[in-house]
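Just below is one structure, and these are the notes that go with it.
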Amino acid sequence: MSEKKKFLLRIDSNVYAALEKWAADDLRSINAEIEFLLTDALKKSGRSIPKDSLPENDSSKTEYENFDN
Numbered sequence: 036m037s038e039k040k041k042f043l044l045r046i047d048s049n050v051y052a053a054l055e056k057w058a059a060d061d062l063r064s065i066n067a068e069i070e071f072l073l074t075d076a077l078k079k080s081g082r083s084i085p086k087d088s089l090p091e092n093d094s095s096k097t098e099y100e101n102f103d104n
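So for the sequence shown, the working numbering puts the first residue at 36; every next one is plus one.
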């Protein structure tokens, strides 16, 4: 997996609050939720994502689908 890029994100407080709740519902950090949503949007729009930049597990699945029981 490639190195993570750090950047500052300015976001409306209401959007942040909604995102914070969504992340908690999905048992993710806010950062992980943003990355998940952006990766999903890129895939759905047909934009290419370099394979070495994707997480080791399949990010198109939920965390529960990636969990092996």
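Cβ atoms here follow ideal geometry from the backbone N, Cα and C, with glycine treated the same way.
Do residue j and residue i have their beta-carbon atoms positioned less than 7 Å apart in this structure?
i	j	result
residue 55	residue 46	no
residue 52	residue 68	no
residue 73	residue 84	no
What residue from the options has the CA that sits closest to residue i's CA?
i	options	result
residue 44	79, 70, 61 and 82	70
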